[in-house]
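Asker: Here it is: the structure, laid out below.
Residue numbers (this note's numbering): 37 to 125.
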């Protein structure tokens, strides 16, 4: 997901925060996160995803990081950042 700053203006740049949930066996969903809302209201853009190891996508997806934390899950979050940087000025 990508949350824009609450008063984002075209052509202006904003600091980006990469939020990573704890766990690894947790997950973000379509729900309210007060922290994200507060950061967006202060002019930050936020990117957050459920990388490999997160719950909600089946046991194989969750188990993918066992024994190699910081490998494929790191690649997941960095791909999300790269995507946002390409998709939004």
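Each residue gets a CB set at the ideal place from its N, CA and C atoms; glycine is no exception.
Please read these numbers as outputs of a predicted model, since none were measured by experiment.
(1) When the Cα atoms are used, what is the spatial distance from residue 42 to residue 50?
(2) Say whether chain B places a C-beta atom closer than 8 Å to the C-beta of residue 59.
(3) Does the structure place the stretch 103–119 close enough to the stretch 80–92 that three or more beta carbon pairs sit under 8 Å?
(4) Give me the Cβ distance between residue 90 and residue 59, rounded to the nearest whole Å; I'm assuming they're in contact under 8 Å.
(5) Compare the C-alpha of residue 53 against each of 103, 62, 95, 74 and name the closest.
Answerer: Based on what the coordinates show:
(1) Rounded to the nearest angstrom, the two C-alpha atoms are 11 Å apart.
(2) This model lacks chain B altogether; it includes just one protein chain.
(3) Counting Cβ pairs under 8 Å, three or more are found: they touch.
(4) Confirmed, about 7 Å.
(5) The residue with the shortest Cα to Cα distance from residue 53 is 74.
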